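Sequence lines, in order, name chains A and B.
Counting from 822, one number per residue, gives the positions in the first sequence under our numbering.
Counting from 626, one number per residue, gives the positions in the second sequence under our numbering.
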Amino acid sequence: MYNKKIIQHFSHPKFFGKIKNPDVVGKAGNPRCGDLMNLYLVVDKKTKKIKDIKFETLGCAAAIAASDMICELVREKTLDEALKVSFQNVSEGLGKLPPLKVHCAQLVTEALKDAINKYK
Amino acid sequence: MSKPKIYFDYAATAPLDANVLKKMLPYLKEKYGNPSSIHGFGQEAGRAIDEARKKVAKFLNCKPSEIIFTGSASESDNLAIRGVIKAIKRKKQTGERIHVVTSKIEHKAVLETFKDLEKDGVKVSYLPVGPDGLINLDDLKAEITPETDLISMMYANNEMGAIQPIKKIGEMVAKINKIEEHPIYFHTDAVQAANWFNLDVNKLGVHLLTLSGHKIYGPKGVGVLYVKEGTPILPIITGGDQEWKLRAGTENTAGIAGFGVAVAKIRSTKSEIRNMTSLKDKLIKGVMEKIQGVKINGSRNPETKLPNIVNFSFLGVEGESLVIALDQEGIAASTGSACTSTSLLPSHVLIAMGLSELDAHSSLRISFGKYTTIAEINYFLKVLPRIIERLRKISGR
């Protein structure tokens, strides 16, 4: 069902957990679908670069892998650059999510957008 | 050390029994005749089907002529429902409605069939269930009207194991049919019950009963529908005269022969049920001791619960990720959490029992079978706490 890359990010995510004093927390998902995501960001005030990022995701294996992938993709990027990361980029980063799991990539980009919009 | 292979998903399908396979093989090889042919090849195959039919009839305590072999339990459910409704409809005056009663926790083969028939004007009453997964007989009584044609109620639920009072419903139907001119026909999907209970159709008081081959250590691709003599029914697959003209198509000889052996091997003795119950109790005790924030979904009363199915909800853990994580440890289980773009909604069964959406998404179904061992349960209990802890850290809950 899942490729090795997805399983790798699901089994050994690098970016999971809380950040104690984040600059902003993005949220996405709803209990109906069983996916809930919190995305914690620390942003450098001068450069507007994402200095630290972590996630907490209640969701399926693809949602957890996608959460890890978005963190990997946007860390050290400026907020404007990060906004350009699409759900397709997340899916491709994972060696393509199965078509039925593409909504998991949308979930994580929504959480990121939520965080950035709140920060701005 | 190589990864173990532990199968806790017997409610999804069961492995093929060695004796069943042995019986099947000649019909996939040299005994390949078409059972409808009048020559020796055909007759040889025909005899295998007759033999299997007798075995199923013995199991259900009915006549062989009341047994129809189909391609799956889903097909049997469809034949029971669509076939009976089709026959009744033809007898009705135009404008007369068909009314059926079922429950909210039926297998999709029943539920989706009724949903489809609703679009053609069939009136369907869906009975609710309590947190124990059981329907209330008074609710059923209240739904039955003089126009009611059919009741379809599953014997034992595949997701959480609740056992419905089929015999009592059968008695109720018999009583009504004695007084009322307009008969009610009663169908039960007994797929999950077959390994455990006496399915004497006369004692149950059913007109139609569905069985599946691969849930009883038989082959996939074979189902059975029992149809009581005199029940109005028409085929939904038309063509040749096979299966008393109720199911056209060249018979799956090997599958049917295998079904016969599988059904004859069912013992469902008290000691078997006791053994299974003690394995299940060991699992529940172990999980409750080792893990906080766990709920058991459905009845805990052994009288109304299958001995081989447990449905847990692990708070703060999503079911699909739990199934994948268990799979990585070599353990096969399943969940009522759907997470696909076509359906994000969790199990209709768990929701009907009153679970919150999050709890339903957190569900894990463990289902045991005749090859399950204590050692497998111990291994599961060893790896589960670590997995739950990890997934809860990831979810932050």
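Yeah, the Cβ is synthetic: ideal placement off N, Cα and C, and Gly gets one too.
Fair warning: this is a prediction, and the values are worked out from it, not measured in the lab.
CB of alanine 698/B within 7 Å of CB of tyrosine 842/B, strictly: Position 73 of the second sequence holds residue 698/B. Position 217 of the second sequence holds residue 842/B. For alanine 698/B and tyrosine 842/B, no; Cβs fall outside 7 Å.
Among Ala957/B, Thr998/B, Ala882/B and Lys740/B, which has the Cα closest to the Cα of alanine 677/B? Residue 677/B sits at position 52 when you count from the first residue of the second sequence. The option with the nearest alpha carbon to alanine 677/B is Ala882/B.
Tell me, which residues are paired with glycine 916/A by DSSP? Walking along the first sequence from the start, residue 916/A turns up at place 95. Glycine 916/A is not bridged to any residue.
Assuming leucine 857/A contacts alanine 887/A under a Cβ cut-off of 8 Å, what Cβ separation, rounded to an integer in Å, is found between them? Here residue 857/A refers to the residue found at position 36 when the first sequence is read from its first residue. Here residue 887/A refers to the residue found at position 66 when the first sequence is read from its first residue. Contact annotation, leucine 857/A with alanine 887/A: C-beta distance approximately 13 Å; criterion of less than 8 Å not satisfied.
Can you tell me where the beta strand (DSSP E) holding phenylalanine 939/B begins and where it ends? The residue given as residue 939/B occupies position 314 in the second sequence. Per DSSP, phenylalanine 939/B belongs to the beta strand (DSSP E) from 934 to 939.
The region 852 to 865 of chain A: which residues have C-beta closer than 9 Å to a C-beta of chain B, in chain order? Cβ contacts with chain B come from Pro852, Arg853, Cys854, Gly855, Asp856, Leu857 and Asn859.
Near glycine 880/A, which residues of its chain fall below 6 Å by C-beta distance, leaving aside the five closest residues on each side in sequence? Residue 880/A sits at position 59 when you count from the first residue of the first sequence. Beyond the five residues adjoining it in sequence on each side, glycine 880/A comes within less than 6 Å, by CB distance, of Asp856 in the same chain, given in chain order.
Hey, is isoleucine 874/A's beta-carbon within less than 7 Å of any beta-carbon in chain B? Locating residue 874/A in the first sequence gives position 53, where the first residue counts as 1. Chain B, which has no Cβ nearer than 7 Å to the Cβ of isoleucine 874/A, makes this no.
Closer than 9 Å, Cβ to Cβ, to anything on chain B: give me those residues from the region 900 to 924 of chain A, in chain order. For the region 900 to 924 of chain A, the beta-carbon criterion of a distance under 9 Å to any beta-carbon of chain B is satisfied by Pro919, Pro920, Leu921, Lys922, Val923 and His924.
What's the call for glutamine 817/B, buried or exposed, on a 16-neighbour Cβ count within 10 Å? Start at 1 with the first residue of the second sequence, and residue 817/B comes out as number 192. Burial call: buried.
Extent of the continuous alpha helix (DSSP H) run through methionine 779/B: Residue numbering aside, residue 779/B sits at position 154 when the second sequence is read from its first letter. It is not in any alpha helix (DSSP H) - methionine 779/B carries neither H nor E in the DSSP assignment.
If you reduce the DSSP assignment to three classes, tell me which class glutamate 877/A lands in. Looking up residue 877/A in the first sequence gives position 56. Reduced to three states, the DSSP call for glutamate 877/A is strand.
Let me check understanding here. Comparing Cα to Cα, which of Lys628/B, Thr960/B, Lys711/B and Lys654/B lies closest to proline 857/B? Working through the second sequence from its first residue, we reach residue 857/B at position 232. Closest option to proline 857/B, Cα to Cα, is Lys711/B.
Got a sec? Which residues, its chain only, sit under 7 Å from glutamate 805/B by beta carbon, not counting five neighbours each side? Residue 805/B sits at position 180 when you count from the first residue of the second sequence. Excluding sequence neighbours, glutamate 805/B sits near Pro771.
For the candidate residues Asp935/A, Lys934/A and Val911/A, whose alpha-carbon lies nearest to that of histidine 924/A? Counted from its first residue, the first sequence places residue 924/A at position 103. Of the listed residues, the one whose Cα sits closest to histidine 924/A is Val911/A.
Rounded straight-line distance, which links the Cα of valine 681/B to that of glycine 696/B: Numbered from its first residue, the second sequence carries residue 696/B at position 71. Numbered from its first residue, the second sequence carries residue 681/B at position 56. Just so you know, the alpha carbons of glycine 696/B and valine 681/B end up roughly 15 Å apart.
Run through DSSP, which three-state label would valine 864/A get? Counting from one through the first sequence, the residue named residue 864/A turns up at place 43. Strand.
Are the C-beta of cysteine 881/A and some C-beta of chain B separated by less than 7 Å? Residue 881/A sits at position 60 when you count from the first residue of the first sequence. Using a Cβ-Cβ cut-off of 7 Å, cysteine 881/A counts as an interface residue toward chain B, since at least one Cβ of chain B sits closer than that to its own.
By the criterion of Cβ-Cβ separation under 8 Å, what are the contact partners of asparagine 839/A in chain B? Here residue 839/A refers to the residue found at position 18 of the first sequence. Before going further, note that residue 839/A is lysine rather than asparagine in the sequence given. Within chain B, the residues near lysine 839/A are Gly1021.
Using 8 Å as the threshold, is the region 816 to 833 of chain B in touch with the region 788 to 803 of chain B, meaning 3 or more CB pairs across them? The answer is yes - the region 788 to 803 of chain B touches the region 816 to 833 of chain B, with three or more Cβ pairs under 8 Å.
Applying the criterion that 16 or more other CB atoms from any shown protein chain within 10 Å of the CB defines a buried residue, is lysine 612/B buried or exposed? Limits of chain B in this structure are 626 at one end and 1022 at the other, which puts residue 612/B out of reach.
I believe lysine 841/A touches asparagine 859/A by the beta-carbon criterion, under 8 Å. Please report the beta-carbon distance rounded to the nearest angstrom. Sequence index remark: in the first sequence, residue 841/A carries index 20 (1-based). Sequence index remark: in the first sequence, residue 859/A carries index 38 (1-based). Their Cβ separation, rounded to whole angstroms, is 13 Å, which puts lysine 841/A and asparagine 859/A out of contact at 8 Å.
Chain-ordered neighbours of glutamine 718/B on chain A, where CB pairs are closer than 7 Å: For the purposes of this step, residue 718/B is taken as the residue at position 93 of the second sequence. Simply none; closest approach about 44 Å.
With a threshold of 8 Å, are at least 3 pairs of Cβ atoms found where one atom belongs to the region 636 to 653 of chain B and the other to the region 873 to 891 of chain B? Verdict: yes, contact present.
Among the residues of its own chain, which have a CB less than 8 Å from the CB of glutamate 854/B, if the five just before and after it don't count? Start at 1 with the first residue of the second sequence, and residue 854/B comes out as number 229. Scanning its chain for C-beta atoms nearer than 8 Å, with the 5 sequence neighbours on each side dropped, one finds around glutamate 854/B the residues Lys688, Ser690 and Glu691, in chain order.
Let me check one thing: in DSSP terms, what residues is asparagine 859/A bridge-paired to? What you label residue 859/A is simply residue 38 of the first sequence in a count that begins at 1. For asparagine 859/A, the pairing in a beta bridge is given by DSSP as Lys848/A and Glu877/A.
Cβ of isoleucine 885/A less than 7 Å from any chain B Cβ? Position 64 of the first sequence, counted from the start, is the residue given in the question as residue 885/A. Taking 7 Å as the CB threshold, isoleucine 885/A lines the interface with chain B.
Within 10 Å of its beta-carbon, does arginine 1017/B have 16 or more other beta-carbons around it, so buried, or fewer, so exposed? For the purposes of this step, residue 1017/B is taken as the residue at position 392 of the second sequence. With 16 or more other Cβ atoms from the protein chains shown falling within 10 Å of its own Cβ, arginine 1017/B counts as buried.
What residue range is occupied by the uninterrupted beta strand (DSSP E) comprising tyrosine 810/B? Here residue 810/B corresponds to residue number 185 of the second sequence, with the count starting at 1. Element bounds for tyrosine 810/B: 810 to 814.
Which residue wins for smallest C-alpha separation from glutamate 897/A, given the options Val906/A, Ile871/A and Asp889/A? Here residue 897/A corresponds to residue number 76 of the first sequence, with the count starting at 1. Looking at the Cα atoms, Ile871/A is the closest of the given residues.
Assuming histidine 724/B is part of the beta strand (DSSP E), what are its boundary residues? As a working mapping, residue 724/B is identified with position 99 in the second sequence. Counting along the chain, the beta strand (DSSP E) containing histidine 724/B begins and ends at 724 to 728.
Straight-line CA distance for asparagine 761/B to valine 754/B? As a position in the second sequence, residue 761/B is number 136, starting the count at 1. As a position in the second sequence, residue 754/B is number 129, starting the count at 1. Taking the Cα positions, asparagine 761/B is about 7 Å away from valine 754/B.
Within the continuous beta strand (DSSP E) that includes glycine 848/B, where are the two ends? For the purposes of this step, residue 848/B is identified with residue 223 of the second sequence, where counting begins at 1. From DSSP, the beta strand (DSSP E) with glycine 848/B extends over 848 to 852.
Under 8 Å, with one C-beta from each stretch per pair, do the region 835 to 850 of chain B and the region 900 to 919 of chain B reach the 3-pair mark? The region 835 to 850 of chain B makes no contact with the region 900 to 919 of chain B; the number of CB pairs closer than 8 Å stays below 3.
Measure how close the beta-carbons of leucine 759/B and glutamine 789/B come, nearest whole angstrom, since I'm counting them as under 8 Å. For the purposes of this step, residue 759/B is taken as the residue at position 134 of the second sequence. For the purposes of this step, residue 789/B is taken as the residue at position 164 of the second sequence. Contact between leucine 759/B and glutamine 789/B holds, since their C-beta atoms are separated by about 7 Å, short of 8 Å.
Residue nearest to proline 660/B in terms of C-alpha spacing, selected from Gly865/B, Thr738/B and Lys803/B: As a position in the second sequence, residue 660/B is number 35, starting the count at 1. Considering only Gly865/B, Thr738/B and Lys803/B, the residue with the shortest C-alpha distance to proline 660/B is Gly865/B.
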